[in-house]
DNA sequence: CGGATAATGTTATTATATAACGTTTAAGGC
DNA sequence: GCCTTAAACGTTATATAATAACATTATCCG
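Protein chains in written order, with our numbering: chain W, 228 to 372; chain Z, 228 to 372.
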């Protein structure tokens, strides 16, 4: 299923490469301005918001980066290129995200849309909650309080 | 029509009523600033963004209004209060939205999350595409071009 | 080469959302 | 009633997110 990530050496410009690298180095989604503030990025010569947004747009076109709507932030896609839409689990404590495959759920959702005459282009699923680590930490807190 | 009728026992404040009424009167999601710009709203004495956002927050708490993340906009919930999460179909042509029930799909999605140790609080689904009207209009255009 | 196309640089501006702090309003106990 | 208190509200300022407009440079390909 995981086709080799041939995408990467292929067609990224310097700016796009720098932004993708920044996202890969982060352990959670970054906003465009988070990225802009990284020393690595400043050193690479990127210094305007638009520069970041343009790189992000291209990276999203190629499926290498996803936008998390409810955070106005961006994450590196760690599943390789996929045609199936994916969903995100967003931890409201630590801000980290987990990517999950939608599988047949995507079809189910799109099917419901079509029942109403709606032509679906894209499906976005975002779930908020507590990640395993933060859920455990919370449980520990409530035991000792 | 202008009256914020008693919605489910919960009483709304003057500001909340005005904002809800504005959303009910719109045929598509409105941003906070869209709402702020409405004559009805200005006449009701609401004149700062924060006033609108505070009202929206309370309305969302009560499940009377939903936020569309990918539009940064808000819609009146026309399904009455529900504990089941709903999804939205968003027309990229006209900007109108359709609300759809997720039903068992919600459980399926939350189940996948739990498999990974994630405790889900909320599920958001947003689908982009063309509504029935705009899909028909597009088909007509392509026939005559 | 030379012309087209995509990417970038730069500045300014628009759009979206919240902070901070003081005042008013409304609900409930006595 | 009237006191207490929490919620809601008003106002100003500011933070955060995204795009507009236009000039310049790099890249592809005949």
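For glycine and all other residues, C-beta sits at the position ideal for the given N, C-alpha and C.
Start and end residues, alpha helix (DSSP H) containing residue i
i: residue 344 of chain Z; result: Here residue 344 of chain Z belongs to no alpha helix (DSSP H), and DSSP marks it neither H nor E.
i: residue 261 of chain Z; result: 259–263
i: residue 248 of chain W; result: 241–252
i: residue 256 of chain W; result: That residue, residue 256 of chain W, is in no alpha helix (DSSP H); it is neither H nor E in DSSP.
Own chain partners of residue i with C-beta closer than 7 Å, once the 5 adjacent residues on each side are dropped
i: residue 271 of chain Z; result: 245
i: residue 278 of chain Z; result: 242
i: residue 340 of chain Z; result: 347
i: residue 283 of chain W; result: 246, 259, 292 and 301
i: residue 265 of chain Z; result: 249
i: residue 367 of chain W; result: none
i: residue 251 of chain Z; result: 303
i: residue 299 of chain Z; result: 258
Residue i: contacting residues in chain W (beta-carbon distance under 9 Å)
i: residue 332 of chain Z; result: 332, 335, 336 and 339
i: residue 256 of chain Z; result: What residue 256 of chain Z touches in chain W: nothing, since even the nearest Cβ is about 13 Å away.
i: residue 359 of chain Z; result: 343, 344, 345 and 346
i: residue 362 of chain Z; result: 344, 345 and 346
Residue i: first and last residue of the uninterrupted beta strand (DSSP E) it sits in
i: residue 314 of chain W; result: 313–318
i: residue 218 of chain Z; result: No answer is possible for residue 218 of chain Z: it lies beyond the span of chain Z, which begins at 228 and ends at 372.
8 Å contact criterion, which residue i and residue j should meet: CB distance rounded
i: residue 267 of chain W; j: residue 323 of chain W; result: Not confirmed; about 20 Å, so no contact.
i: residue 303 of chain Z; j: residue 329 of chain Z; result: About 19 Å; that fails the 8 Å criterion.
i: residue 327 of chain Z; j: residue 337 of chain Z; result: Actually they do not touch by this definition, with Cβ atoms about 17 Å apart.
i: residue 345 of chain W; j: residue 332 of chain Z; result: At roughly 16 Å, the Cβ-Cβ gap does not stay under 8 Å, so residue 345 of chain W and residue 332 of chain Z are not in contact.
Cβ shell of residue i (< 6 Å), same chain only, five flanking positions each side left out
i: residue 285 of chain W; result: 243
i: residue 228 of chain Z; result: Because the pLDDT at residue 228 of chain Z is just 41, under 50, the model does not fix this residue reliably, and the value given afterwards should be weighed accordingly. Nothing listed; no residue qualifies.
i: residue 297 of chain Z; result: 353
i: residue 361 of chain W; result: 318, 320 and 321
Bridge partner(s) assigned by DSSP for residue i
i: residue 296 of chain W; result: In DSSP, residue 296 of chain W forms no bridge with anything.
i: residue 302 of chain W; result: W/293
i: residue 325 of chain Z; result: Z/316
i: residue 349 of chain Z; result: W/355
Under 7 Å by beta carbon: chain Z residues contacting residue i
i: residue 297 of chain W; result: 296 and 351
Own chain partners of residue i with C-beta closer than 8 Å, once the 5 adjacent residues on each side are dropped
i: residue 295 of chain W; result: 256, 301, 302, 315, 317, 324 and 353
i: residue 276 of chain Z; result: 259, 260 and 263
i: residue 365 of chain Z; result: 320 and 357
i: residue 306 of chain Z; result: 313, 326 and 328
i: residue 231 of chain Z; result: Confidence in residue 231 of chain Z is poor, its pLDDT being 41 and thus under 50, which makes the residue's placement unreliable; the coordinate value appears in the next sentence. Here the set comprises 239, 243, 244, 245, 247 and 248.
i: residue 274 of chain W; result: 263
i: residue 233 of chain W; result: Legend: pLDDT at residue 233 of chain W = 42, less than 50; position of this residue unreliable, no value from coordinates given.
i: residue 281 of chain Z; result: 242
Contact list for residue i against chain Z, beta-carbon separation under 8 Å
i: residue 347 of chain W; result: 316, 354, 355 and 356
The ligand FMN heavy atom lying under 7 Å from the CB of residue i
i: residue 363 of chain Z; result: What this structure holds is no ligand at all, so the ligand FMN is not there to describe.
Closer than 7 Å at the beta carbon, the chain W residues around residue i
i: residue 325 of chain Z; result: 343 and 345
Where residue i meets chain W, residues with beta-carbon distance less than 8 Å
i: residue 275 of chain Z; result: None at all; the shortest Cβ gap to chain W is about 22 Å.
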